[in-house]
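Residue numbers (full-length UniProt numbering): 1 to 122.
Glycine residues also receive a C-beta, built at the ideal position from the N, C-alpha and C atoms.
Below you'll find the structure, written out as structure tokens, and then a few comments.
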């Protein structure tokens, strides 16, 4: 099963398979509406607010997404798994138009780590 993910205030949308994170689906679709960081719920770079739809989340750093945030639908896209069509709003520093040097550094570090042979990874 696949769900349509719409990005609020833009014309962007993409498909997300059941069990796939919104961030992974966005990357697979070639969309660049979010900054990509650790992809594991720890860095908080991919914060979004779910405006509409049903979803589940994986583990997220409490320092990046507190209980109050979750109550408002604020989650990390790398740990966001749709259960229906979703509309998400890109938040603050993660907005496509923002040039965040920290996020750029994280992208380079994670790209280098992903490219390294498995035997050289910690």
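Quick check on residue i: buried or exposed, where buried means 16 or more other Cβ atoms within 10 Å of its Cβ?
i: residue 76; result: buried
i: residue 37; result: buried
i: residue 1; result: exposed
i: residue 63; result: exposed
i: residue 3; result: buried
i: residue 66; result: exposed
Shortest alpha-carbon distance to residue i belongs to which of the options?
i: residue 46; options: 79, 15, 14 and 73; result: 79
i: residue 31; options: 6, 43, 58 and 55; result: 6
i: residue 89; options: 9, 18, 16 and 55; result: 9
i: residue 16; options: 42, 39 and 55; result: 55
i: residue 19; options: 25, 81 and 62; result: 81
Under DSSP, the beta strand (DSSP E) around residue i begins and ends at which residues?
i: residue 2; result: 2–7
i: residue 15; result: 13–17
i: residue 90; result: 86–90
I think residue i touches residue j, with their Cβ atoms under 8 Å apart; what is that distance to the nearest whole Å?
i: residue 41; j: residue 58; result: 6 Å
i: residue 53; j: residue 27; result: About 20 Å; that fails the 8 Å criterion.
i: residue 14; j: residue 25; result: 6 Å
Which residue marks the beginning of the alpha helix (DSSP H) containing residue i, and which one marks its end?
i: residue 22; result: 22–28
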